[in-house]
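Residue numbers for the sequence shown, in the working numbering: 1 to 191. What follows is a single structure, written as structure tokens, with notes after it.
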Amino acid sequence: MQREHVLDTALGLLEQQGLATATLEMLAEKLDVQPGDLKRFWPDREALLYDCLRYHGQQIDTWRRQLLLDENLSPQQKLLARYDVLAEYVQQDRYPGCLFIAACSFFPETDHPIHQLAEQQKLTSLELTRELLREMDADDADMVAQQMELIQEGCLSKLLVKRQLQDVSVAKRLAEDILQVAQCRRNGALS
């Protein structure tokens, strides 16, 4: 039993079933192992959830680094790329970023390790957005970054409830509009 295989399977289960309903027993059945085999590595569901979110955070961090290093994309394309990746996942009935939002709701205490892990992902996303906006020389990059993150968070929250691909397209279009307005402001078109 390979750790990455277990975590990938668990992530898929969490994304499809949600944090509230996914259990160690469901994961064991999906992996065709006994629940006790999993409990040797993850004594309870919370330990598995923490490990899954940490692993998923590492996957997202790797994607972000690759995105930043991609010299074929403009900063604007890099900012919008998250929606293309999200759309690919949603088409496979997977809802990756939703797990971090759900984790904050499930573990509302700000000092809880799972809440802190989810919050760190949000901060890292905001920092990346701010960095790319500054690279674009966007007007008021801090405010625009907050707006862009609010769109993304809203999209992920809506996906938690509705699970509709269309919401990703709407969020991407809104993000494009905000970027255009920021560029217009920078060039004095809205003053």
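Virtual Cβ for every residue (Gly too), placed ideally from N, Cα, C. From a predicted model like this one, the values you see are computed outputs, not experimental measurements.
For Asp137, the secondary structure class from DSSP, reduced to helix, strand or coil, is coil. By the neighbour-count criterion, in which a residue is buried when 16 or more other Cβ atoms sit within 10 angstroms of its Cβ, Gly36 is exposed. For Phe106, the uninterrupted alpha helix (DSSP H) run begins and ends at Cys98 to Phe106, by DSSP. The alpha carbon of Leu80 has as its nearest neighbour, out of Val168, Val33, Lys162 and Glu127, the alpha carbon of Val168. Distance between Ile114 and Arg65, taken at the CA atoms: about 23 Å. In the three-state scheme derived from DSSP, where H, G and I count as helix and E and B as strand, Tyr50 is classed as helix. For Glu135 and Asp51, the gap between their C-alpha atoms comes out near 34 Å. Shown here, Gly57 sits in a helix according to DSSP, grouped into three states. In the structure shown, Lys162 adopts coil according to DSSP, grouped into three states. The stretch 79-94 and the stretch 41-57 do not touch, with fewer than 3 CB-CB distances between them shorter than 8 Å.
With respect to the 8 Å criterion, Ala145 and Leu126 are classified as neighbours on the basis of their beta carbons.
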